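Using the numbering used here, you'd call the opening residue of the sequence shown number 266 and step up by one each time.
Virtual Cβ for every residue (Gly too), placed ideally from N, Cα, C.
Fair warning: this is a prediction, and the values are worked out from it, not measured in the lab.
As structure tokens, the structure follows; a few thoughts come after it.
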Amino acid sequence: MSTEPLPKEFEKTTEVLPFTKYGLQSFKEFKQAEKDLQNLECLKKIGLTSEEIKLYQDNEAGLLDQRKKVECSVLKSKLDSIYNRINESQNEAGSSKQEEPCSSKDTDIFERLQKQPITFYPEGHPMNEIKELEENLFGHLKTDIIPITKRRKILRHLERRKERILAQEKQLIPTIDHSSKVAKSGSLWDVKELPTRSQQSAEKEKQVMGPKQRQMYTIKDNKIVRLEPVNVEERMHENNVVNNGIEQQEFRAVDIVIPVNGAEEQLLEGTKMSVDDIRTIERFKDYEPGIPSKVLYLKNIAPSVGQEQLSLLFNQFQLENG
């Protein structure tokens with residue numbers, strides 16, 4: 266087997282930690298990181314820039330040999346100014362004998378945390394007794410849980426009781442005749458026999474009030490004629506065709522003689538014969554225009570019509586006819 270070294274890109278440069286241990290730190294490492302962070306904050310409070318802080322940290326770690334591009338005199342002057350400022354701040358704070366600038370006091374915060382845990386609420390605060398309150402209020406729920414076997418037994422008992430109640434209700438309810446539902450309005454989905462329509466209901470449907478039926482027209486022999494429905498007797502006499510059990514309604518063309526609306530009056534306005542034209546016909550040679558009657562005939566007056574309405578009608582007729 267060849268023992269050739271692996272290419273550089275395949276060599277492991279750092280140790281790979283498992284996923285379960287990645288990001289974990291020991292107490293000493295965490296303590297040192299906290300101390301470095303405090304030192305960095307103190308240096309920033311003095312007024313040092315990030316470049317000066319980096320230079321100070323490299324000098325403390327002995328890494329100034331890597332700065333070969335900078336002259337020694339320049340580095341020395343910068344370091345002297347940095348240390349002078351640090352010493353001045355230490356003298357002002359009364360900590361000139363400490364080795365590290367702005368280091369913490371003898372009473373370390375981590376040691377105090379190990380001895381006595383931090384309390385977020387003062388003594389006597391209700392939040393300090395939250396666990397006891399939870400046990401007092403909801404502790405019975407943990408002990409009162411019914412076993413699964415007992416729950417199934419109760420469920421079977423309730424189902425049997427429900428079946429007995431439903432059976433008793435079926436015996437008490439009398440049998441309902443489906444034919445009685447015919448007279449009622451509503452859905453007929455459960456009716457076996459279709460109801461027969463009475464004559465009274467058919468008459469009521471005929472008497473239903475609705476919009477006036479529109480007149481239909483067509484053109485016959487270059488003349489507009491009216492379409493009127495054929496009567497039932499005439500259709501039976503003529504043996505009309507019935508398609509699929511549905512009787513087809515038929516219409517017949519009728520000349521417009523007596524107008525029934527304003528459109529027909531306009532249509533017949535230019536077709537009226539004069540008196541001389543009428544007399545030219547042999548049958549109407551002695552024709553004379555009639556005199557309008559001045560007598561008003563009334564019949565089929567509804568009981569709801571009052572005397573005042575009749576008097577208004579008579580007065581209007583008298584004004585129009587003299």
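Taking 8 Å as the threshold (C-beta atoms), are residue j and residue i in contact?
i              : j              : result
proline 494    : glutamine 480  : no
serine 338     : isoleucine 311 : no
tyrosine 321   : leucine 340    : no
asparagine 586 : proline 554    : no
lysine 627     : arginine 544   : Because residue 627 is not part of the residues shown, which for the chain are 266 to 587, the question remains open.
asparagine 324 : leucine 302    : no
Quick one: give me the first and last residue of the beta strand (DSSP E) that residue i is part of.
i             : result
threonine 314 : That residue, threonine 314, is in no beta strand (DSSP E); it is neither H nor E in DSSP.
Using C-beta distances below 7 Å, list every residue in its chain close to residue i, excluding the 5 sequence neighbours before and after it, in chain order.
i             : result
arginine 491  : Gln480, Tyr482, Val519, Ile521
glutamate 529 : Ile521
leucine 532   : Ile489, Ile521
serine 576    : none
Take residue i and list the residues in its own chain whose beta-carbon comes closer than 6 Å to its own, dropping the five residues that flank it on each side.
i              : result
asparagine 508 : Per-residue confidence for asparagine 508 stands at a pLDDT of 48, beneath the threshold of 50, marking its modelled position as unreliable; the derived number appears in the next sentence. Cβ neighbours of asparagine 508 beyond the five flanking positions: none.
leucine 561    : Phe582
isoleucine 489 : Tyr482
isoleucine 318 : Leu308
glutamate 397  : none
arginine 350   : Ile311
serine 361     : With a pLDDT of 48 at serine 361, under the threshold of 50, the predicted position of this residue should be treated as unreliable, though the coordinate-derived value follows. Only Gln355 meet the Cβ criterion.
tyrosine 552   : Ile543, Arg544
Which residues share a DSSP beta bridge with residue i?
i            : result
tyrosine 482 : Arg491
valine 570   : For valine 570, which the question treats as bridged, DSSP gives no partner whatsoever.
valine 519   : Arg491
What is the DSSP secondary structure of residue i, counted as helix, strand or coil?
i              : result
valine 540     : helix
valine 339     : helix
serine 558     : coil
tyrosine 386   : coil
isoleucine 391 : It should be pointed out that residue 391 corresponds to proline in this sequence rather than to isoleucine. Helix at proline 391.
serine 291     : coil
cysteine 367   : Bear in mind that the predicted position of cysteine 367 carries a pLDDT of just 46, short of 50, making it unreliable; the figure below should be weighed with that in mind. Three-state result, cysteine 367: coil.
aspartate 455  : coil
aspartate 301  : helix
glutamine 583  : helix
leucine 563    : coil
tyrosine 552   : coil
Could you pull out every residue in the same chain whose Cβ sits closer than 8 Å to the Cβ of residue i, ignoring the five residues on either side in sequence?
i              : result
isoleucine 395 : none
asparagine 580 : none
The alpha helix (DSSP H) spanning residue i covers which residue range?
i              : result
glycine 327    : Where glycine 327 is concerned, there is no enclosing alpha helix (DSSP H), given that its DSSP letter is neither H nor E.
isoleucine 430 : 413–437
glutamine 531  : 527–533
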